[in-house]
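Below you'll find the structure, written out as structure tokens, and then a few comments.
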Amino acid sequence: MSMYDEALSIKETILENRRHLHQNPELGLELPKTAAFVEEKLREMGYEPRRIGACGIVATVGKSGGKCFLLRADMDALPVEELTDLDFKSTNGNMHACGHDCHTANLLGAAQLLKNHESELQGMVKLMFQPAEETMDGSKMMIEGGVLENPKVDAAMGIHVFTNMPIPAGTIVMTGADSRFAAVDWFTIKITGRGCHGAQPNNGVDPLNVMAHIHLALQAINAREMDPSDNIVLTIGQMHGGSTSNIIPSDAFMSGTIRTMKNETRTMVKERMNAIVSSIASAFNATACVEYGSGCPVLFHNKALYAELKGYMKELDGVNLVDLDDQGECMQNMGSEDFAYIANQVPSVFFIATAGTPAEGYCYPQHHPKAIFHESALPVSAATYAHLAMEWLKNNP
Numbered sequence: 000m001s002m003y004d005e006a007l008s009i010k011e012t013i014l015e016n017r018r019h020l021h022q023n024p025e026l027g028l029e030l031p032k033t034a035a036f037v038e039e040k041l042r043e044m045g046y047e048p049r050r051i052g053a054c055g056i057v058a059t060v061g062k063s064g065g066k067c068f069l070l071r072a073d074m075d076a077l078p079v080e081e082l083t084d085l086d087f088k089s090t091n092g093n094m095h096a097c098g099h100d101c102h103t104a105n106l107l108g109a110a111q112l113l114k115n116h117e118s119e120l121q122g123m124v125k126l127m128f129q130p131a132e133e134t135m136d137g138s139k140m141m142i143e144g145g146v147l148e149n150p151k152v153d154a155a156m157g158i159h160v161f162t163n164m165p166i167p168a169g170t171i172v173m174t175g176a177d178s179r180f181a182a183v184d185w186f187t188i189k190i191t192g193r194g195c196h197g198a199q200p201n202n203g204v205d206p207l208n209v210m211a212h213i214h215l216a217l218q219a220i221n222a223r224e225m226d227p228s229d230n231i232v233l234t235i236g237q238m239h240g241g242s243t244s245n246i247i248p249s250d251a252f253m254s255g256t257i258r259t260m261k262n263e264t265r266t267m268v269k270e271r272m273n274a275i276v277s278s279i280a281s282a283f284n285a286t287a288c289v290e291y292g293s294g295c296p297v298l299f300h301n302k303a304l305y306a307e308l309k310g311y312m313k314e315l316d317g318v319n320l321v322d323l324d325d326q327g328e329c330m331q332n333m334g335s336e337d338f339a340y341i342a343n344q345v346p347s348v349f350f351i352a353t354a355g356t357p358a359e360g361y362c363y364p365q366h367h368p369k370a371i372f373h374e375s376a377l378p379v380s381a382a383t384y385a386h387l388a389m390e391w392l393k394n395n396p
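Per numbering that gives the first Met the number 0, the sequence shown runs over residues 0 to 396.
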């Protein structure tokens with residue numbers, strides 16, 4: 000029996016777990032109900048999970064003394080009001096619109112499969128259930144809490160479900176050895192001027208005028224300072240200042256995100272932003288600064304591990320594999336994933352599991368309040384996790 004056939008034998012349990020998680024979405028680093036549920040299920044399987052931070056969970060299976068392969072799933076949802084017609088839709092104002100309920104259920108399924116084969120494992124598999132992927136805080140927090148140590152992690156993988164894809168549901172997609180997910184940095188620009196009467200602008204320093212000039216000048220980074228073969232997206236998502244029409248306020252702020260495809264470009268863009276913001280503010284007799292919040296580095300594949308895992312995937316009977324390298328393509332995704340923190344520390348590969356095509360009625364992308372995910376992706380992902388972990392350990396004693 001292939002690992003996929005074994006996953007199909009526990010499919011109903013995987014789906015039941017996913018639907019429970021979908022009905023009870025939680026946000027950020029604080030996921031008390033979700034974490035308790037995951038711990039309960041792991042203990043039922045015979046695991047001894049431990050916490051990192053408030054709600055990060057780690058469990059191990061296998062034997063010590065060999066190498067360690069990490070499997071990761073994220074557990075948090077989005078602050079989105081769900082508008083689907085699912086029987087198990089969320090009603091608490093949050094939604095698993097990115098599929099993290101699927102990811103958590105997938106890894107719980109893999110945990111059961113690995114537990115069933117524990118005596119065959121030639122090393123240790125570490126299961127990482129993280130909070131706060133959406134805010135880019137969870138993976139970093141768990142690394143700082145020691146998730147990559149004791150035992151030391153030698154390689155890692157993650158899987159993300161993607162709905163609204165032009166590839167049949169339940170397909171595992173390898174995005175190309177050179178593919179990347181963008182680094183992201185959230186930022187806020189705070190501008191301080193001097194408030195005054197709207198009829199006497201000469202008595203003040205208008206922060207709204209400064210904000211407008213900064214907004215326009217930042218676009219020149221991409222237009223005039225970037226190599227045309229490189230990619231960045233600098234988005235201003237909000238601009239705020241003032242409270243009425245006839246008063247020039249004393250301060251204002253704007254915020255947004257930077258997405259870059261190279262870690263060195265990420266550093267350069269932030270340096271240029273700092274210089275542009277402070278210089279323009281100074282030119283208008285104001286002050287301004289950039290404050291950086293959450294973010295993550297570029298997510299890239301280890302090419303040797305990519306080739307190795309592709310070989311093992313071809314041996315997983317019953318699962319359809321698509322490697323974009325075979326089609327001469329390569330995904331360069333300006334979206335971001337904080338699994339990048341793992342990938343920047345240990346050799347890693349990140350997979351996609353397709354979860355519905357537009358032709359099948361899966362017409363809305365991730366983060367949309369009507370996004371739905373084809374559940375055939377779940378046993379496929381669980382089997383992929385377990386199979387690749389076992390094969391890697393067997394071939395890397």
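Cβ coordinates follow ideal geometry from the N, Cα and C atoms, glycine included.
Just so you know, these numbers come straight off a predicted model, no measurement behind them.
Asked	Found
Local Cβ density within 10 Å of R49, reported as buried at 16 or more and exposed below that	exposed
Nonlocal neighbours in the same chain, by C-beta distance under 6 Å from T234, ignoring five residues either side	G255, T256
Length at least 3, wholly inside the segment 242–300: the beta strand (DSSP E) runs in chain order	250–259, 286–295
Sub-7 Å separation of A168 and A354 beta-carbons	yes
V321 and V379 closer than 7 Å at C-beta	no
Inter-residue CB distance, S293 and M135 (contact presumed, cutoff 8 Å)	4 Å
Test item: CB-CB of F87 and R179 under 7 Å	no
Sub-7 Å separation of A251 and M210 beta-carbons	yes
Sequence-distant residues of its chain with Cβ nearer than 6 Å to Y46 (five each side left out)	A58
Given D177 as reference, the closest of L377, D324, G52, E359 once Cα atoms are compared	D324
N-terminal and C-terminal residue of the beta strand (DSSP E) that G236 is part of	231–240
Reduced DSSP category for Q365 - H, G, I as helix; E, B as strand; rest coil	coil
Range covered by the alpha helix (DSSP H) that runs through C67	C67 -> not in any alpha helix (DSSP H); beta strand (DSSP E) instead, spanning 67–73.
Simplified DSSP state of M118, which is helix, strand or coil	According to the sequence displayed, residue 118 carries Ser and not Met. In the structure shown, S118 sits in a helix (DSSP, three-state: H, G or I).
Pairwise C-alpha distance: N395 and A35	34 Å
The segment 260–278 contacting the segment 155–164, beta-carbon criterion three pairs below 8 Å	no
Burial state of T174 (16 or more Cβ within 10 Å)	buried
Distance, T191 Cα to I247 Cα	12 Å
Contacting residues, own chain, Cβ-Cβ under 7 Å from K309 (five flanking each side not counted)	M173, D322
Span of the alpha helix (DSSP H), counted from its first residue to its last, around K125	Note, K125: premise wrong, no alpha helix (DSSP H); beta strand (DSSP E) at 123–129.
In DSSP terms, what D322 is bridged to	M173
Those residues which DSSP pairs with R49 across a bridge	V57
Nonlocal neighbours in the same chain, by C-beta distance under 6 Å from L107, ignoring five residues either side	N16, K40
Through-space distance from R71 to Q129, alpha-carbon basis	8 Å
Backbone CA spacing between A198 and H239 [nearest angstrom]	21 Å
Nearest-angstrom Cβ-Cβ length linking S1 and L392, presumed shorter than 8 Å	Not really, about 18 Å apart at Cβ, beyond 8 Å.
Close Cβ partners of V204 (< 6 Å) along its chain, the five nearest in sequence each way excluded	G192, R193, N284, A285
Inter-residue spacing [alpha-carbon to alpha-carbon] between K114 and E81	35 Å
Reference M94, options L26, E148, V152, closest by Cα	L26
Presumed contact (8 Å Cβ cut-off) between Y311 and H386, rounded CB distance	7 Å
Neighbour-count burial assignment, G137, 16 or more Cβ in a 10 Å radius	buried
Per DSSP, the bridge partner or partners of W391	Partner(s): none; W391 has no beta bridge.
Simplified DSSP assignment, three categories, for I402	As displayed, the chain neither begins before 0 nor continues past 396, which places residue 402 out of reach and without an answer.
S335, DSSP secondary structure in three states	coil
Nearest to S335 (by Cα), restricted to the options P368, C295, T83	C295
Sub-7 Å separation of A342 and Y3 beta-carbons	no
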